[in-house]
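Asks: The sequence shown runs 575 to 1228 under the numbering used here. Provided herewith is a single structure, encoded as structure tokens, for subsequent inquiry.
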Amino acid sequence: MSAVCAASLSLLPAAGAAPPPEAKPPAASYQFALGKLLAVEGSVNDALAAFEAAEKAAPQSPDTAYVLVEHAQLLDRMAQYQRSSPLRDDSLRKAGDKIAEARRLAPDNLDVLRAAGEIYLDLGTIDPASMAVARDALEEVRKRDPHDAQSFLTLGRIYLDQGQPAKAAEVLRELVNNVPEQRMAYALLVEALMRANKPDEAQKALQEIIGFDPSSLEARLTLADLQTRAGRNVAALETLRGAPEDMRDDPRLKRQLAWALYQNGDLDEALKALDAIPATASKTAKGEKEGGDSAQGINLLRGLIYTAQGRNEDAIGLLSKIHDADPKDTGIALTLARVMERAGRRDDAARLLSNLAAALDKDGKAKEAQEVRLETAQLYVGAKQWDRAGEALQPLLAATDDAIRLPAVGLQVEALTRDKRYDDALALLAKEKDSPSIAARRAEVLSKAGRQAEAEKILSGLAAGDENSALAAAQAWQRMEKYQESIPVLEKLAAAHPDQAPTGFLLGAAYERAGQRDKAVGEFRRVLKIDPDFHAALNYLGYTFAEAGVNLDEALKLVSRAVALDPDNGAYVDSLGWTYYRLGRKEQARSYLERAARLEPEDATLQEHLGDVYVALGQKERARQAYQRALELGGDNADQVRRKLGDLGKGPHS
575 MSAVCAASLS LLPAAGAAPP PEAKPPAASY QFALGKLLAV EGSVNDALAA
625 FEAAEKAAPQ SPDTAYVLVE HAQLLDRMAQ YQRSSPLRDD SLRKAGDKIA
675 EARRLAPDNL DVLRAAGEIY LDLGTIDPAS MAVARDALEE VRKRDPHDAQ
725 SFLTLGRIYL DQGQPAKAAE VLRELVNNVP EQRMAYALLV EALMRANKPD
775 EAQKALQEII GFDPSSLEAR LTLADLQTRA GRNVAALETL RGAPEDMRDD
825 PRLKRQLAWA LYQNGDLDEA LKALDAIPAT ASKTAKGEKE GGDSAQGINL
875 LRGLIYTAQG RNEDAIGLLS KIHDADPKDT GIALTLARVM ERAGRRDDAA
925 RLLSNLAAAL DKDGKAKEAQ EVRLETAQLY VGAKQWDRAG EALQPLLAAT
975 DDAIRLPAVG LQVEALTRDK RYDDALALLA KEKDSPSIAA RRAEVLSKAG
1025 RQAEAEKILS GLAAGDENSA LAAAQAWQRM EKYQESIPVL EKLAAAHPDQ
1075 APTGFLLGAA YERAGQRDKA VGEFRRVLKI DPDFHAALNY LGYTFAEAGV
1125 NLDEALKLVS RAVALDPDNG AYVDSLGWTY YRLGRKEQAR SYLERAARLE
1175 PEDATLQEHL GDVYVALGQK ERARQAYQRA LELGGDNADQ VRRKLGDLGK
1225 GPHS
């Protein structure tokens, strides 16, 4: 025992000694001070007894409220160290009784209210009703002392625990406004905003943290992640690149930077960032999930970069290893299958997807299995293997879920139509409940079968109907390459819904294909004002300029942005390469067009573009091979490709 405590105890009468006649009962303040000293020394039972004595000495005094607060807090601390549940619960209930008495004696005392909030919060673990009492006490503190950071933090946690994240965010936002640079408050605020589904406000809070603490790595990484989820890839990259110099070697920052570079289409720099990560940093820490912070996550990113670069075999090698580690990961399997298809390994891709569908069925994941079978059928349709497509689709055509059956019907109708089995396609459509989309599909089949009058009657009727019917008719006309017919319908829809970018995009495409380039440009510009990251519009407008040989600098910006948003889209990469060609930057054109050809190996126009670049570079044999490949693919550019082959000195092989 300390000298102070010993001296205090020496003031007490000796055990068993009777007090002198003139002695008075010990003062409440003395017992209170003694109790606090004993509590500090760890003499808990003696401290509790002293507090009891102090309370009895002045039972109704407002000052006794402080004694009761100390008493309650000691009981609360005791409860935290009790191993026996009954003893712990008993201590908590006694603490609750003491703080309730303190509130009766001093209902407006802020210290009492603060203590009540903390004690009732702990008591809430055995008595849920106590949480409301804690909340109300701390709300009173909040009202009267807006700078009490600890009470605000506790109140915010209570609202989070009660599933009221919006209310928690309100409390915590008030705290950081009143007491700036509260790191814990900001951390809880971000959590509350995320749980309240307010990611934009969470981003603002994280930016504030970085503003007063640029070295906060967690805030920076979280902000970049939120920006990426919101599609703000450029902002995410800027956030990560803005890290102080002494943070830039952190492996987590490097990994997230590599992802951000990939998501901005800067594939070469993304690979450099991956290569700069030490091998030891990619190992998964004990208890850490596999993913973006592991060797598996790094391999996934590298595989996706190879995929976007058209390095198909390299991508297959890496993605196969990831797939083997988790063969039921649908996303990885689908990506791997697409790369295999692109590399001409359709049978391998189909086998992989079939095995995945069977495994998902076995696990009771019927819907996921059906979606994988749709992908398998799409693969067979792309390969013009109509019978195998039908086999894959057969079990899906009887599905009760429209989200599965209707796409399956559409795919089967496409396969039957392309196989010129028009009656079978019409019979399949006849089994479906009539709807605008089914009627539009029927019109397409009739048109392919040479029954134009019937097709036009159906589409004209749809165009005169409600908006859904009119849109179905316009889309059918566009699929039938009757763009002029779709224009009046789309103009009406666009005027009725000027904020809908997809309708405007369809109208812009119709104008361009109908030869109305100025109108197309105007419509695409309008679409991009609505949605600046509508990558199909970015690509279409940029390619339109490149084809016409106008606004080439703007075209380059447009298609570069489209490629950044969708880096493994071969059509977009083709547009970028063609724009470089139009700008006279032949080597860059060649690089991008070769990449595009690996991404879209069956695009005849792309092969023609590649041939043109080879001619410009004086590589006539390569040009001849590209032109011949274009002819083999059977595109609608066959006549002009033959002329170009003739200009090389030899006609096409027939």
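A virtual CB, placed ideally from N, CA and C, is assigned to each residue, including glycine. None of these values were measured; they are calculated from a predicted model.
Take the Cβ of residue 1208 as the centre, count every other Cβ of all protein chains shown within 10 Å, and call the residue buried at 16 or more, exposed below.
Replies: exposed
Asks: Pick helix, strand or coil for residue 1007, following the three-state DSSP scheme.
Replies: Coil at residue 1007, not helix or strand.
Asks: DSSP state of residue 1124, grouped into three classes?
Replies: DSSP places residue 1124 in the coil class of the three-state scheme, outside both helix and strand.
Asks: In three-state DSSP terms, what is residue 1174?
Replies: coil
Asks: With burial defined as no fewer than 16 other Cβ atoms inside 10 Å of the residue's Cβ, what is the status of residue 1158: buried or exposed?
Replies: exposed
Asks: For residue 599, count neighbouring C-beta atoms within 10 Å of its own C-beta (all shown protein chains included) and say buried if the count is 16 or more, exposed if not.
Replies: Legend: pLDDT at residue 599 = 44, less than 50; position of this residue unreliable, value from coordinates given subsequently. Counting Cβ neighbours within 10 Å, residue 599 comes out exposed, since fewer than 16 surround it.
Asks: Residue 685 and residue 669 - do their beta-carbons sit closer together than 8 Å?
Replies: no
Asks: Taking the Cβ atom as the reference point for each residue, do residue 963 and residue 943 lie within a distance shorter than 8 Å?
Replies: no
Asks: Quick check on the DSSP output: what are the complete alpha helix (DSSP H) runs of length 4 or more inside the region 944–999, in order along the chain?
Replies: 960–967 and 976–992
Asks: What number of angstroms, rounded off, separates the C-alpha of residue 664 from the C-alpha of residue 653?
Replies: 8 Å
Asks: Once DSSP output is grouped into helix, strand and coil, what is the label at residue 1105?
Replies: coil
Asks: Please work out which residues of its chain come closer than 6 Å, Cβ to Cβ, to residue 1125, disregarding the five sequence neighbours upstream and downstream, and give them in chain order.
Replies: 1119
Asks: Could you give the C-beta distance for residue 1167 and residue 1153, rounded to a whole number, given that I count them as a contact under 8 Å?
Replies: Going by Cβ atoms, the distance from residue 1167 to residue 1153 rounds to 11 Å, so no, they are not a contact pair.
Asks: For residue 912, is the classification buried or exposed, using 16 other Cβ atoms within 10 angstroms of its Cβ as the cut-off for buried?
Replies: Its Cβ being crowded by 16 or more others within 10 Å, residue 912 is buried.
Asks: Mapping DSSP to helix, strand and coil, what is residue 629?
Replies: Residue state, collapsed to three classes: helix.
Asks: Give the DSSP-derived three-state secondary structure of residue 595 in the structure shown.
Replies: Interpretation of residue 595 is limited by its pLDDT of 41, a score under 50 that renders its predicted location unreliable; the figure taken from the coordinates is listed afterwards. The answer is coil: DSSP assigns residue 595 none of H, G, I, E or B.
Asks: Are residue 1088 and residue 1057 touching if we call contact CB-CB under 8 Å?
Replies: yes
Asks: Of the choices 1189, 641 and 792, whose alpha-carbon is the least far from that of residue 607?
Replies: Nearest C-alpha to residue 607: 641.
Asks: Measure the Cβ-Cβ separation of residue 602 and residue 628 and say whether it is below 8 Å.
Replies: yes
Asks: Let me make sure I understand the geometry here. Which of 853, 898, 840 and 899 has the alpha-carbon closest to that of residue 880?
Replies: It is 840.
Asks: Are residue 814 and residue 793 close, meaning C-beta to C-beta below 8 Å?
Replies: no
Asks: Which value, in whole angstroms, describes the spacing of the CA atoms of residue 1164 and residue 1188?
Replies: Straight across, the Cα-Cα distance linking residue 1164 with residue 1188 is about 7 Å.
Asks: From residue 1229 to residue 1092, what does the alpha carbon distance come to, in whole angstroms?
Replies: Since the first residue of the chain shown is 575 and the last is 1228, residue 1229 is not available in this structure.
Asks: Give me, in chain order, the residues of the same chain whose beta-carbon lies closer than 6 Å to that of residue 709; leave out the 5 immediate sequence neighbours on both sides.
Replies: Here residue 709 has 732 as same chain residues with Cβ atoms under 6 Å from its own Cβ, once five neighbours each way along the sequence are excluded.
Asks: Considering only the beta carbon of each residue, do residue 894 and residue 910 sit closer than 8 Å?
Replies: yes
Asks: By how many angstroms is the C-alpha of residue 737 removed from the C-alpha of residue 698?
Replies: Put simply, the backbone Cα of residue 698 is about 15 Å away from that of residue 737.
Asks: Check for me: the alpha helix (DSSP H) holding residue 796 runs from which residue to which?
Replies: 791–803
Asks: What's the call for residue 661, buried or exposed, on a 16-neighbour Cβ count within 10 Å?
Replies: exposed
Asks: Where are the alpha helix (DSSP H) runs, 4 residues long or more, that stay fully inside the region 660–701, in chain order?
Replies: Counting whole runs of 4 or more residues, the region 660–701 contains the alpha helix (DSSP H) stretches 684–697.
Asks: From what residue to what residue does the alpha helix (DSSP H) around residue 1048 run?
Replies: Bounds of the alpha helix (DSSP H) holding residue 1048 are 1041–1053.
Asks: Can you check whether the CB of residue 811 is closer than 8 Å to the CB of residue 776?
Replies: no
Asks: Count the other CB atoms, across all protein chains shown, that sit within 10 Å of the CB of residue 755; report buried if there are 16 or more and exposed otherwise.
Replies: exposed
Asks: Can you give me the C-alpha to C-alpha distance between residue 1198 and residue 1185, rounded to a whole angstrom?
Replies: 7 Å
Asks: Could you tell me which uninterrupted beta strand (DSSP E) segments, each at least 3 residues in length, are contained entirely in the region 1192–1220, listed from first to last along the chain?
Replies: none
Asks: Checking 8 Å against the spacing of the C-beta atoms, do residue 1242 and residue 1098 come in under that value?
Replies: With the chain represented from 575 up to 1228, any question about residue 1242 goes unanswered, as that position is not in the structure.
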